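K.L.:
For the protein sequence lines, the chains are A and B, in the order given. According to my numbering, the first sequence is numbered sequentially starting from 161. According to my numbering, the second sequence is numbered sequentially starting from 92. The C-beta atom is built at its ideal place from N, Cα and C for all residues, glycine as well. What you are looking at is a predicted structure, and each value in this text was computed from that prediction instead of being measured. Got a structure for you, questions after.
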Amino acid sequence: MTAERELLRTTIADLLNEHCPTERVAAASGDNWDAARWQTLWRALEDTGLTLVGSPAEAGGSGGDLAAAADIAMAAGAAAAPVPLAETLAAAMVLARAGLDIPAGPLTLAVAADPDVPLRRVPYGRWATTVAVGADPADTDPDTGAPASGALISGALISGARSGGEWLAVASRPVRVQAGRNLAGEPRDEVELGAEAGFHVVPAGTADYAQGLLRLFRSLLIAGAAQRALDLTVAYVNEREQFGRALARFPVVQQEIARMAGEVALITAAAQAAVAAGPGVGAGGAVAAVVAAKGQASQGAGTVAAIAHQLHGAIGTTGEHRLRLTTTRLWSWRDEDGPAAECFAELGRSALHAAHRGSGLWPWLTG
Amino acid sequence: MRSGALLPPARPLPAATGELRAEVRAFLAGERAAGRFAPACDAWLSGWDEAFSRRLAARGWVGMTVPPEYGGPGRSALERYVVVEEVLAAGAPVAAHWVSDRQIVPNLLRYGNETLKRRYLPSIARGECYFAIGLSEPDAGSDLAAVRTAGTRADGGWRVSGTKIWTSGAHRARAFIALLRTGPADGRQRHAGLSQLLIELDQPGVTIRPIVSMTGEHHFNEVVLDEVFVPDEQVVGTIGDGWAQVTSELAYERSGPERLLSTFVLLDMLAGELAARASGRQDGGGRYGDARAAEALGQVTSRLWACRQMSLAVAGALAGGEAPEIAAALVKDVGTRLESEIIDVARMLTAAEPDPDDGGIAGMLAHAVLHAPGFTLRGGTNEILRGIVARALGLR
């Protein structure tokens, strides 16, 4: 661990903890998330450059690599910060990769099939500039899947040969936004881009890259939240006494804590490995690290949340307790950006392809 | 709240290990093609093949970290990790040299005196010298500090008496490394007074009795020591430091690839069968028709992939001189349970019933099912490990 990484981790954790005490986050966890309450935090994040880490300075980012951006996302997950920090990091990276300018303010990222169909459950769509990426189905030959010479968007052909049929829209003022939320009260809004959105033709592979980043950052948020759930639970079983001694003294409690730690470690190891591998699909037919990481995070999140609640007893289920700010996120995030079943099915098909090729699973797993 | 990291940071294997991996893979493919071994589950416990050990050693892949002055190739712990992964993933018979390679080499390099190093390391690196481990006793299983085997001082050495149990391969090994009491426990310091001795097994006073497993295989033994003379030069490390020496090696023992790959060949065979079944079917239900099978396979392979990343993170930290105790214990807990989960997935997705006499997946399944209870027992039961994890996390 370099001193620089350690400093970044401390800086982001301290900043988020200062702005995200339990009562403030709890107040934002119903159907009343209010942008005005989070402007100060967002400005503090922007002023320190933390919202654009991982995107190169030439594109308007703060520089730094994916690992640094990952540290920030994990911290955001741990703090249950109700701002689109991970979303902004990811969206900026997509824009930078496509050679586009990064607009000011909070961003959110969505992958879509068709720009004319409203995007569903976009994180913070009411507040952030929506960056939507997709491959227009009308733009590819239905038989061969080969790209046409341009992107067909909202009925107009945007020329740009060899585009791979992929488009990217930047909508700072979508034509319509319908508010929605997840279990933690985080905004999950329906966004209609409209013809006013800035459409761009982008290089082939942008949509896959965006999809990979969405899964990766969601996995990192889960990893941060899972670690926090463990920390909260360890602290609780040390404090709480029953039958004349701390819960921590009961072997059965120790066993459950360790089982929880195993899941947290698996989630974290998988997310870290996906960061190292990058958000691309597996090279040469190898395991797609981001898919495996999200599958693991999605599956483990439920186990972690269940053990945390069981060991906290009834108090953990109350509105005023910190634990639910973390567990409601785990329960939402596991189904966002690739639920477990979707990731496992994708991975399983990839495994079967590897087996079918005759080389077996091992080169695929280690590739 | 600042949390302690459960895991050391991810450190990818050095790029140069890719070439080594390819060499090992090609060698193993050649061995298989020549019919010199058939892949088996848990072959690091039950696949005793001295000729194979020697062939592997001839390539420089046994006792890899032994330095040239002791007859070894002097390669890194991470290079050894890669070789071990490859042989386990192939289900190759590595039981003969397993303990020598995993336990004895690092132990001797760290604690061994010059005589011991010269006596054993060259033949280990040739794949000719096999060891067993003498930890458990009839009354000391999970509670290892309760060992009663004891050495009393004799002229130029120790006279050792006691009984060790579950000593895999003792009936074929040259020697075993025993943890025994050479001094009294010091009040509440139960771990004081323990020492590690290397005891040659072919000598008067040593009786080795087979313990046949429920598979019908004989790998476990009971080793009875009756006034066995062990010269001072066979003491490993320092008299009285046995406990610290044993526990310092545990991170290696708990977090290696053998804690997640014991049933890998079953998973591999299952995937092959599913792929063959799907490609032979023209029901229009997608290329691999059965979506449920793909999902179940994806679930278990994703977990295996994640376990491997954990194991790699620990291996990287160990190579960097750290001792990530919590992470190592977690690898064993999560990984060994996964080894059994693989069996359940195979049972769910194949029509075969376990059949000890079958040469295909039904036979492999039978072997795996009967070996599975051992996965979460050996090397410290998972319950004991979870207790260690909880305490290390600060449970008081």
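#1: Thinking just about the alpha-carbon of each residue, which of B:TRP396, B:LEU440 and B:HIS262 is nearest to the one in GLY363 of chain B?
#2: Just reading off the alpha helix (DSSP H) that GLU326 of chain A is part of, what are its end residues?
#3: Which residue marks the beginning of the alpha helix (DSSP H) containing TRP334 of chain B, and which one marks its end?
#4: State the Cα-Cα distance for the pair GLN470 of chain A and ALA420 of chain B, rounded to the nearest angstrom.
#5: Anyone know if the C-beta pair for ALA425 of chain A and VAL175 of chain B falls short of 9 angstroms?
#6: Kindly indicate which three-state DSSP category THR467 of chain B falls into: helix, strand or coil?
#7: Please name the residue or residues paired with ASP277 of chain B in a DSSP beta bridge.
#8: Buried or exposed: ALA397 of chain B, going by 16 or more other Cβ atoms within 10 Å of its Cβ?
#9: Suppose the cutoff is 6 angstroms on Cβ atoms and the five residues either side in sequence are ignored; what does the same chain contact list for ALA148 of chain B look like?
#10: Check GLU313 of chain B in the structure and name its three-state DSSP category.
#11: Measure from the alpha carbon of SER304 of chain B to the alpha carbon of each residue in B:ARG487, B:GLU386, B:ALA369 and B:SER137, then state which is nearest.
#12: Considering only their Cβ atoms, is the gap separating ALA367 of chain B from HIS516 of chain A smaller than 9 angstroms?
#13: Mind reading off the beta-carbon distance from ARG477 of chain B to VAL422 of chain B? Whole number of angstroms is fine, and I expect it under 8 angstroms.
#14: Using CA atoms only, rank isn't needed, just tell me which of A:THR488, A:HIS179, A:ALA436 and A:ALA241 is closest to ALA453 of chain A.
#15: What separation, rounded to the nearest whole angstrom, lies between the Cα atoms of GLY223 of chain A and LEU245 of chain A?
#16: Taking the continuous alpha helix (DSSP H) assigned at VAL362 of chain A, which residues delimit it?
#17: Does the CB of GLY476 of chain A have a neighbour CB from chain B at under 9 angstroms?
#18: Is ARG348 of chain A close to chain B? Criterion is C-beta to C-beta, closer than 9 angstroms.
#19: Taking Cβ positions only, does VAL174 of chain B come closer than 9 angstroms to chain A?
#20: May I ask you to report which of helix, strand or coil DSSP gives ALA96 of chain B?
#21: Taking Cβ-Cβ distances shorter than 9 angstroms, what residues in chain E pair up with PHE377 of chain A?
#22: Do you know how far the Cα of SER252 of chain B is from the Cα of GLU291 of chain B?
#23: Pull up the distance between the alpha-carbon of GLY310 of chain A and that of ASN192 of chain A, whole angstroms please.
#24: Quick check: what's the CA-CA separation for GLU110 of chain B versus PRO445 of chain B?
#25: Specify the secondary structure class of GLY182 of chain B as computed by DSSP and reduced to three states.
#26: Among A:ALA235, A:GLY325 and A:VAL451, which has the Cα closest to the Cα of HIS360 of chain A?
#27: Note down the Cα distance separating GLN199 of chain A from GLU352 of chain A, rounded to an integer number of angstroms.
#28: Give me the DSSP bridge partner(s) of THR254 of chain B.
#29: Please compile the residues from chain B whose C-beta is within a distance smaller than 8 angstroms of the C-beta of ARG494 of chain A.
#30: Using 9 angstroms as the threshold, is the C-beta distance between THR486 of chain A and LEU392 of chain A below it?
#31: Could you tell me the boundaries of the beta strand (DSSP E) in which VAL293 of chain A lies?
#32: Mind pulling the chain B residues with CB within less than 8 angstroms of HIS481 of chain A?
#33: In the DSSP assignment, find the alpha helix (DSSP H) that holds ILE479 of chain B and state where it starts and stops.
#34: Looking at the structure shown, is PHE355 of chain B part of a helix, part of a strand, or coil, going by DSSP?
#35: Please classify ALA233 of chain A: is it buried, with 16 or more other beta-carbons within 10 angstroms of its beta-carbon, or exposed?
#36: With which residues is ASP349 of chain A paired in a DSSP beta bridge?
P.N.:
Here's the rundown:
#1: B:LEU440
#2: From DSSP, GLU326 of chain A is part of no alpha helix (DSSP H) but of the beta strand (DSSP E) over 326–331.
#3: 333–339
#4: 23 angstroms
#5: no
#6: coil
#7: B:GLN280
#8: buried
#9: ARG217 and GLY218
#10: strand
#11: B:SER137
#12: yes
#13: About 13 angstroms separates the two Cβ atoms, so there is no contact after all.
#14: A:ALA436
#15: 16 angstroms
#16: Element bounds for VAL362 of chain A: not the alpha helix (DSSP H) but the beta strand (DSSP E), 358–362.
#17: no
#18: no
#19: no
#20: coil
#21: Protein chains A and B are contained in the structure displayed, whereas chain E is not.
#22: 14 angstroms
#23: Caution is warranted here: a pLDDT of 46 is assigned to GLY310 of chain A, below 50, making its placement in the model unreliable, and the coordinate value is therefore given only provisionally. Roughly 42 angstroms separates the two Cα atoms.
#24: 38 angstroms
#25: coil
#26: A:GLY325
#27: 24 angstroms
#28: B:VAL315
#29: Within 8 angstroms Cβ-Cβ: nothing; ARG494 of chain A doesn't reach chain B, min ~14 angstroms.
#30: yes
#31: 289–295
#32: Correct list: empty, because the minimum Cβ distance to chain B is about 14 angstroms.
#33: 473–483
#34: helix
#35: buried
#36: A:VAL282
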